[in-house]
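Here's the structure, in structure tokens; my notes come after.
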Amino acid sequence: MQLTLWTYEGPPHIGAMRVVASMQGVHLVLHAPQGDTYADLLFTMIERRGTRPPVSYTTFQARELGSDTAELVKNCVGEAFERFKPRVLLVGEACTAELIQDQPGALARGMGLPVPVLSLELPAYARKECWGANETFYQLVRGLLKPRVPEAGRHPEPRPADRCPRANLLGPTALGFRCRDDVEEVTRLLASVGVDVHVVAPLGATPEDLLRIPEADFNVCLYPETADQTCLWLERMFGQPTVKTVPIGIGATRDFLDEVGRIAGIDVTDAKSPISSRMPWYSRSVDSTYLTGKRVFIFADATHAVAAARMCAEELGFMVVGIGTYAREFARDVRECAKRYGVEPLITDDYLEVEKRAAELQPELMLGTQMERHIAKRLGIPCAVISAPVHVQDFPARYAPQMGFEGANVMFDTWVHPLMMGLEEHLITMFREDFEFHDAATPSHLGSRVGASRPTEAGSQAVAESADSPMQADASTIIWAAEAEQELKKIPFFVRGKARRNTERFAAEQGIQTITVETLYDAKAHFGR
Amino acid sequence: MSGQPTLERGSAAGDLLPVVTRERGQRQVFCGLAGIVWLHRKIQDAFFLVIGSRTCAHLLQSAAGVMIFAEPRFATAILHERDLAGLADCNAELDRVVAEVLERRPDIGTLFLVGSCPSEVIKLDLAKAAERLSGVYSGRVRILDYSASGLETTFTQGEDACLKALVPELPQLPSGERSLLVLGTLPDVVEDQFARLFAELGIGPVHFLPPRRTTAFPPLGSGTKILLAQPFLGETARACEARGARLLSAPYPFGIEGTLGWLRAATEAWGVTGEVLDAVTAPAIARAQRGLAHHRESLEGKRISFLPDSQLEIPLARFLQRECGMELVEVGTPFLDRQLMAEEMRLLPEGVRLTEGQDLERQLDRLRADRPDLTVCGLGLANPLESEGLRTKWSIELVFTPVHGFDQAADLAELFARPLRRAALLRV
Ligand code: SF4
Ligand code: SF4
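Heads up: the protein sequence lines correspond to chains A and B, in order.
In my numbering, each number is its position in the first sequence, counted from 1, plus 774.
In my numbering, each number is its position in the second sequence, counted from 1, plus 7.
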């Protein structure tokens, strides 16, 4: 058993729902008790969809256990087929049904429906949502394309010289982070180098579209979390190469174009420079000086985490002080990335562990999921959301991709915005004794209402104490000399919490009982950055 | 799955009760776990530990919204593959998780082990576990269990199961003493209003279940009279009756009429005269009437359908029809407890279309044919219906928001009036 307060991922059948809800002409029958129908609201509320996901639930109850559930499955399959006339029917079970072992897939296949019926194995007690989406998409593509796999050794026809290269964009799904806009942006990006997008799947695809996948020259694995199995299989069976670079950030977008150029055999130099993005110039502009070395903690799905780390380090001049992911299947990528930045990777799906690490690191910015937004709020740290699990906020009305050159612009704004603006930060430091810039004034970026809950000194101290850090016992025996306390107050409030912590940690390490002005500056020198 | 609907005539002799159509098919309703979302806000020293699957954890998270900023007083012990293999280990695991929870939250007075579908199917005996753990933590934490599984309970029934688990814990009311026990989670502000009204009426002592803290359990005995503040607490009421308490038959305290009828049931049991009741309630009723008049304008003549969800459908339909002038197109309820609904059913208009259970797709067909002005439904259906041009109201808001009593009557009406006003406003 695993104790969870909040979770990053739902069960694997939610992943399956994300795939079918992305598509047209597909229907999923889910053997599940009534309460599991809550899942519809993820799509209709969080994503604000105007249609229900194409899912029918058997909604079995206790009194049917052992006797009628098989009948229930067949009725449900029959009615779903009659009503929705899907061109492909998927059958799966949620966690409870897995335990009662009705084998709904076999039951449905035995009904002789005139459309492909695919049964999904979604081990609810071992796997999670992203895995479920990955597996469902793979089963769907494989199930439909298997009869068309060419004999071993037969290579795809070379592209006729007069035809544009064609690419499939694989992996975007419902409830994915900014998928809708990423698809549009990557389509534009590819068009800029003369590549046509052939099929986008699962988002917006029909079963017939899936059948057309092999006609493209290569696949773009846009979200490895949901498409890497499929891409791998297509590569093996149809000899379709995969573009693996995910174009998030300026550097990665350029690398992506290079990879496309290599695989499609086209020249991409013109598209790469000059680029249309404002982000590189904004980042170089003098106002951005204050971003230098800002300490960032990243926790997200693997794709967005790794991409964010590179952007932080290379494109915004931040310092990555921590990186982690909840996506165990992709832990290796994040570990490698962590090594690049010389930090300890955090691979966990335990929200409390992430909170603990954040409290220890005291970063100046968190990039994470909605969960990290909560953690950051508690700790009084600015935060931007970069990855699923999603929230209604993550489906903005405006165009806001993460990928491509425009995506980099969007990220410059959304990551930098939670930080205090450079000029403001300077002014507060310069005029810190001024009546308007005194340290209890609410910074403009936190809005007017937040004043009371802003992490004042006492607040961040409380946080430090409530986070069960090993320091707690020591720090509580340490006293601040009045003079040192005065000196501490001269330090700008937004770094004061950290200064206090560092000094106390330093004092604890040195066995110092009373913190003097000396200790304060000794600690500053010790931890100096 | 959906047999032909069966028709049934209300059985109370002599009364012309509405015809009830029963349906069985796909349902669209939360399971009882959802109750934790408001129970943990109410009982301030309780912690709810669901023993379930990742689905259960995800349901709680989605129903509560990732929007609760504080650390919640609920959690899930997620069953993994190895827990399914051997039940003995499962108990050891449970002990470990409980220890972890209690270490994190030393402020907990009562810990509920909440059963789910998976824990029920694998026959994990939570009652036994609660007993064992009670021994371990005796004197420090009270450990109780109940099941809120979707196999047994819908949405609000989880509260019934939880409160029923509290009944054996209630101290004995000495014989010869009497008291009034109000059952059902009420926002504190409403509870305080009711407490003041009862005091003015000279009714007392009055207790509420659930209490704000489990250190303040109300006594229960043969002198206890029970008033239900929520219509979904049949099991709890019956458990109290088994301890000698008597359930007062009353409508539910929604709107002026419901609240007055509800208070009257108590005054009659206490031998308080009608004059006193009128005198005490007159100012609040006058206020409520003024408040309601405004919303009545938006609601009058509008047609409304209720999809089965919270179990509040029948009392709310009664209020909207009789006090706000709405026309009832269909009133669906997940299940119908005829005893608990007796007073309400009498107040429904003749010929109202009343359905019990659900066959979702057929229900939606009817809804599309009816095209009411407003549909009350669960969160999963609201936006799809809006996109079909139907106005909706989420039922979940009705269990979270203060809507009981005289002083909330206008607020309750406003919840229904707002979507209509908004629809009239928008030009996009
Ligand atoms: S219906 Fe059952 S399995 Fe689903 S969330 Fe509710 S208790 Fe858990
Ligand atoms: S905030 Fe979340 S739960 Fe609340 S209405 Fe919006 S989507 Fe629904």
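Virtual Cβ for every residue (Gly too), placed ideally from N, Cα, C.
Check                                                                                                                                                                                                                   : Outcome
Would you verify that the beta carbon of residue 833 of chain A is, or is not, closer than 8 angstroms to some beta carbon of chain B?                                                                                  : yes
Taking all protein chains shown into account, decide if residue 54 of chain B is buried (16 or more other Cβ within 10 angstroms of its Cβ) or exposed.                                                                 : buried
Starting from the C-beta of residue 1183 of chain A, find all residues in its chain whose C-beta is less than 6 angstroms away, skip the five residues before and the five after it, and write them out in chain order. : 1051, 1052, 1053
To which residues does DSSP link residue 817 of chain A through a beta bridge?                                                                                                                                          : Paired residues: none, contrary to the question.
So, is residue 152 of chain B buried or exposed, given that buried needs 16 or more other C-beta atoms within 10 angstroms?                                                                                             : buried
Considering only DSSP beta bridges, list what residue 764 of chain A is partnered with.                                                                                                                                 : For chain A, the structure presents residues 775 to 1303; residue 764 of chain A sits outside this window and is missing.
Can you pull the chain A residues whose beta carbon is under 9 angstroms from the beta carbon of residue 129 of chain B, in chain order?                                                                                : 873
Verify whether the separation of the beta carbon atoms of residue 397 of chain B and residue 427 of chain B is less than 8 angstroms.                                                                                   : no
Run through chain B and tell me which residues come within less than 9 angstroms of residue 899 of chain A, C-beta to C-beta.                                                                                           : 60, 61, 85, 86, 87, 88, 89, 90, 91, 125
Taking 8 angstroms as the threshold (beta carbon to beta carbon), is residue 1155 of chain A in contact with chain B?                                                                                                   : no
Runs of 3 residues minimum, wholly inside the region 354-384 of chain B: which ones carry the beta strand (DSSP E) assignment?                                                                                          : 361-365, 381-384
Within its chain, find whatever has a CB closer than 8 angstroms to the CB of residue 882 of chain A; leave out the 5 residues flanking it on each side and keep chain order.                                           : 803, 847, 848, 851, 863, 865, 891, 893
Using a Cβ-Cβ cutoff of less than 8 angstroms, which residues in the same chain neighbour residue 941 of chain A once the five nearest sequence positions on both sides are dropped?                                    : 964, 969, 970, 971, 972, 990, 991, 992, 993, 994, 1017, 1034, 1038
State yes or no: is the beta carbon of residue 391 of chain B nearer than 8 angstroms to at least one beta carbon in chain A?                                                                                           : yes
Do the CB positions of residue 401 of chain B and residue 386 of chain B come within less than 8 angstroms of each other?                                                                                               : yes
Helix, strand or coil for residue 325 of chain B per DSSP?                                                                                                                                                              : helix
Taking Cβ-Cβ distances shorter than 7 angstroms, what residues in chain B pair up with residue 808 of chain A?                                                                                                          : 34, 36, 38, 157, 161
Pull up the DSSP beta-bridge partners for residue 831 of chain A, would you.                                                                                                                                            : A:804
Just checking, does the region 1111-1123 of chain A make contact with the region 1137-1146 of chain A on the three C-beta pairs under 8 angstroms criterion?                                                            : no
Anyone know if the C-beta pair for residue 868 of chain A and residue 785 of chain A falls short of 8 angstroms?                                                                                                        : yes
Taking all protein chains shown into account, do 16 or more other C-beta atoms lie within 10 angstroms of the C-beta of residue 1083 of chain A, making it buried, or fewer, making it exposed?                         : buried
Can you confirm whether residue 318 of chain B, when its beta carbon is compared against all beta carbons of chain A, has any partner nearer than 8 angstroms?                                                          : no
Measure from the C-beta of residue 850 of chain A to each C-beta in chain B and report whether the shortest distance is under 8 angstroms.                                                                              : yes
Can you give me, in chain order, the residues of the region 44-55 of chain B that have a beta carbon less than 9 angstroms from any beta carbon in chain A?                                                             : none
Heavy atom of ligand 4 less than 7 angstroms from the Cβ of residue 225 of chain B, yes or no?                                                                                                                          : Within the structure as shown, ligand 4 is missing, the only ligands being ligand 1 and ligand 2.
Count Cβ pairs between the region 905-920 of chain A and the region 788-801 of chain A that sit closer than 8 angstroms; are there 3 or more?                                                                           : yes
For residue 1096 of chain A versus residue 1080 of chain A, is the C-beta spacing smaller than 8 angstroms?                                                                                                             : no
Can you tell me the Cα-Cα spacing of residue 1001 of chain A and residue 943 of chain A, whole angstroms?                                                                                                               : 10 angstroms
Any heavy atom of ligand 1 closer than 7 angstroms to the Cβ of residue 157 of chain B?                                                                                                                                 : yes
Any beta carbon of chain B sitting closer than 8 angstroms to that of residue 1064 of chain A?                                                                                                                          : no
Chain B partners of residue 1100 of chain A, CB-CB under 8 angstroms?                                                                                                                                                   : Here the premise fails: no neighbours, minimum Cβ distance about 13 angstroms.
So for residue 1160 of chain A, helix, strand or coil by DSSP?                                                                                                                                                          : coil
May I ask you to list the residues that DSSP assigns as paired with residue 1121 of chain A?                                                                                                                            : A:1099
By Cβ distance below 6 angstroms, which residues in the same chain neighbour residue 987 of chain A in space, the five residues on each side in sequence not counted?                                                   : 942, 973
Looking at the strands, I want to know which residues DSSP matches up with residue 942 of chain A.                                                                                                                      : A:993
Below 6 angstroms CB to CB, which residues in the same chain sit around residue 781 of chain A once its five sequence neighbours on both sides are set aside?                                                           : none
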